[in-house]
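Numbering-wise (this note's numbering), the first sequence opens with residue -12 and increments by one.
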Amino acid sequence: MKNFKEQIAKCLSKVANINEQELITFIEKPKSPELGDYALPCFRFSKEIGKAPNDIAEAWSKELNFQGTDIESVTNTGAYLNFKIYKQAMAETVLEEIEAKKDRFGESNIGKNQTVLVEYSSPNIAKPFHIGHLRTTLIGRALYNIYKKLGYNTIGINHLGDYGTQFGKMIEGYKRWQNEYNIEEDPIQVLTDIYVRINALCKEDESVLDECRENFKKLEQGDKYCVDLWEKFRDLSLKEFDKIYSLLDIHFDSIKGEAFYADKTDEVIDILNKTGKLVESEGARIIDLEDKNMPPCMVCKSNGSTIYATRDLAAILYRARTYNFDKCLYVVAYEQNLHFKQIFEVAKLLGISEKCQKGLEHISYGMVHLKTGKMSTREGNVIKVEELLKESISRVRKIIEEKNPELTEEEKDDIATKVGIGAVIYNDLSGSRIKDEVFDWDTVLNFNGETGPYIQYTYVRTKSVLKKAENIPNFKDIDIECLTEKDAYEVIKLLYSYTDIIESAAEKNEPSIISRFLIDLAKAYSSFYNENKIIVDDKKVRDARVYLTYVTSIVLNNGANLLGIKMPEKM
RNA sequence: GUGCCUGUAGUUUAGCUGGAUAGAAUGGCAGGCUACGAACUUGCAGAUCGGGGGUUCGAAUCCCUCCAGGCACACCA
C-alpha cells in the first residue's frame, strides 16, 4: 500500500532541511476533512528558523515541489500546511490492497517473528469465574490476536491460580464439612460455600488459619491426602472454566498453573542466595528493594513455604529458558502493580538475558466494581460470567423474535449467541483498559449506539446489500472515480488507516483502539449507505458502490475478529 | 501516612509524545422507512476539560499544589 505520509515527508525534507523520519512523526490529521488529508503544524520550527510559524507555512507551501507524487495540493492556513492526496490514488491503493489480501488485510511482518508471551485469564480454581476475570480474558485474547496479525510469534498462557494458602483453606474446610455438601452437583458453588465458611472461621479463630497454612505446607511436600483433594478441586474447576472458554471461543497455547512451578522455586531461591541479596527478616527471607523505593519482596515465608512471588519468579526463569521471549505481557488488574514492579526488579537477579528482563511488562487494567462496591468471592457478592452471557443471549433472542420471527430456530440461536456475546465483549473492550468499570446490567445489555451489535448490524447490512447485488464486481472493472465523493471517501480513508490502527493498538497494548475504529467505520459506512443508493441502474456507479460495500464488510469482520467478536450473516 | 492510578456534557466516554472551532454515544427535543435491513440515520440543545497556580506564541494534554474516588503497601493471590 502506498505510504502518503512518507511521500509528504520526502518532499518536505528537501525544503525544510529536516530528517524525513522525524517529519513523519510531526504529520497529523487535520481537524476537519475539508482542510485536507494530512497536516503539518509549523509552530515547532519557528524558534530554530527564526520566523513566524505562519510565514514558514506560507514559504514552504510555495517552495514545495510535489511533482510526480500523489499529493494533489498543499495549502497553508495560518501556521498549518494542509495536504490533499489525490482521492483516486488513496482509493486505488487501499482497494488494491484489500483485493489482494482479503481477510488477511492488515497483516504485516513488523513483528519479525519475535516471541510474545501473553499471560491472561488466569482464574483461581475452586472459585467462580466472575466478571472480574472477564477483562483479563478478553483483553489478553485481543492482544494475542493483534500481535499475531503483526507477525509476532504469539503464545497465550493461562497461568491458573491453583496453589497457595487458599488451598490449605479449601482442604481444611472440605475435611471438616464434606459430609454436609454434594460436591458433584454444583462443584464450584459448593467449593465457594466452603471457602466462604472457612474464611469466616479463620477470622474468628487464628488457630484454624494456622491449620490451613499447615495444610498448604503439606500440599507442597506432596502429602497424598492433600494432593488428591487438590487434584479433585482442580479438575472440577477446569471443567467449569471450559464451558466459559468455549462460549467465548478463548484458546491458550499453554495452561500451566502456579503449581507447575512448585518444584522450580528451589532453584530460584538458590540463585538468589548466591547473589547475596536474599536476606532474613522477621523469620522470612526477602529481597530488599529500598534502593528502588519499593517495599521488600518476600521470597520465603517464615514457615519455609514459598509465596506467589516465588512462583512468579520461577515462571519467569522457566519462560526465559523455554521461549527466550522478546516480550512477556501480564494482563492482570492494576491492584497488582506493586507486585509486578517488585518481581520484575528481582528477575534481574535471576541471570536471564537482558532481552528477557526488558521484555517483562505488566498490562494493568481497571477493576470491576458493583454499584454496591467491590466484588468479593469471600463475601459471596459476585456476578458470574456464565450468568451474564446467558442473560445477554436470552435478551438478544427476544429481540430477534420481535424483529425477525421468520428465521429458523437454529438461526435464531446462532445469532443470539453471536450478538449476545458480542455485546458483552464489546462492552468490556470499548474503553481504555486502565479505567475502572462499574458493572451495570442496563449498560452491558444495551444494544443501541456504540455497541457490539451496532457493528454486527452494519456488517449484516453490507451482507444484505451484497446478496441483493448478486455478484461482486471485478476490481479491475471498478471506476474509482465514483468513490471520491464525500461519504464514500470517508469510508476509504478509514479503511486506509486500518493497518496503522492495528500497529497503534499493539504499541499501546490497547484493544479499545480497534473498538473505536470499528465504530468509526460502521458509522461512516452507515452514513454512506443512508445518503447513497447502492443498487442503482448506472452500472458504473453501482459496481463501485457494491465494491465499497464488499471491502467494508471484509474489514469490519476482520477487526471484529481481532476482538473476538463473531459476525452473524443475518440478525 | 507513603506510593501508583483515575477525574472531560445528566450518564458512558474519545482526544493526553502540547497545536486549528474539545469529537462521539446515551438520555432529552425535532425530522427521516411504498428505496439496498429503522438494532439505522439527519439536525437541535447540552462541556467553567475536578479547583488553583505555573511553563509556553499556544495547555484537556507538560510541571507544582490542593480536592474527590480507587488500588497497593511482608508471611493471601
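The C-beta atom is built at its ideal place from N, Cα and C for all residues, glycine as well. Quick caveat, the model's predicted, so the values are computed rather than measured.
- Under the three-state reduction of DSSP, T539 is assigned to helix.
- Where L316 is concerned, there is no enclosing alpha helix (DSSP H), although the beta strand (DSSP E) around it starts and stops at 314 to 320.
- In the three-state reduction of the DSSP assignment, G148 falls in the strand class, which pools E and B.
- In the three-state DSSP reduction, R365 falls in the coil class, being neither helix nor strand.
- One thing to note: R122 has its Cβ within 8 Å of the Cβ of V355.
- Here P28 is bridged, per DSSP, to Y67.
- With fewer than 16 other Cβ atoms from the protein chains shown falling within 10 Å of its own Cβ, I97 counts as exposed.
- Taking each of S351, F331, I43 in turn and checking the Cα distance to V318, the smallest one comes out for S351.
- Annotated as proximal: S419 and S499, with beta-carbon spacing under 8 Å.
- DSSP places N140 within a strand segment (E or B) once states are collapsed to three.
- By alpha-carbon distance to E83, the top candidate from N461, K473, G37 is N461.
- By the neighbour-count definition (other C-beta atoms within 10 Å, threshold 16), H238 is an exposed residue.
- Look at the beta carbons and you see the region 308 to 324 not touching the region 261 to 271: under three pairs across the two are nearer than 8 Å.
- For R122, the three-state secondary structure derived from DSSP is helix.
- Note on I421: under 16 other CB atoms within 10 angstroms of its CB, so exposed under the neighbour-count rule.
- Between A547 and M554, the C-beta gap is smaller than 8 Å, which places the two residues in contact.
- Non-local beta-carbon contacts of R200 in its own chain, meaning distances under 7 Å to residues more than five positions away in sequence, involve T152, G155, N290 in chain order.
- Per the DSSP secondary-structure output, V355 pairs in a beta bridge with E424.
- With 16 or more other Cβ atoms from the protein chains shown falling within 10 Å of its own Cβ, V333 counts as buried.
- Between A3 and F70, the gap from beta carbon to beta carbon reaches 8 Å or more.
- Around the C-beta of E497, 16 or more other C-beta atoms lie within 10 Å, and the residue is accordingly described as buried.
- Cβ atoms of G407 and L376 come within 8 Å of each other, at about 7 Å.
- Residue range 174 to 191 is occupied by the alpha helix (DSSP H) that includes C189.
- DSSP places T80 outside any beta strand (DSSP E); the residue lies instead in the alpha helix (DSSP H), whose first and last residues are 74 to 88.
- Taking all protein chains shown into account, W47 has 16 or more neighbouring C-beta atoms within 10 Å of its C-beta and is therefore buried.
- The continuous alpha helix (DSSP H) containing V2 extends over residues -9 to 3.
- Between the alpha carbons of S60 and S0 lies a gap of roughly 17 Å.
- With fewer than 16 other beta carbons inside 10 angstroms of its own, D222 counts as exposed.
- E227 counts as buried, since at least 16 other C-beta atoms from the protein chains shown sit within 10 angstroms of its C-beta.
- In the structure shown, N111 falls within a strand segment according to DSSP collapsed to helix, strand and coil.
- Here the alpha carbon of D524 sits roughly 10 Å from the alpha carbon of D530.
- Look at the beta carbons and you see the region 72 to 92 not touching the region 31 to 45: under three pairs across the two are nearer than 8 Å.
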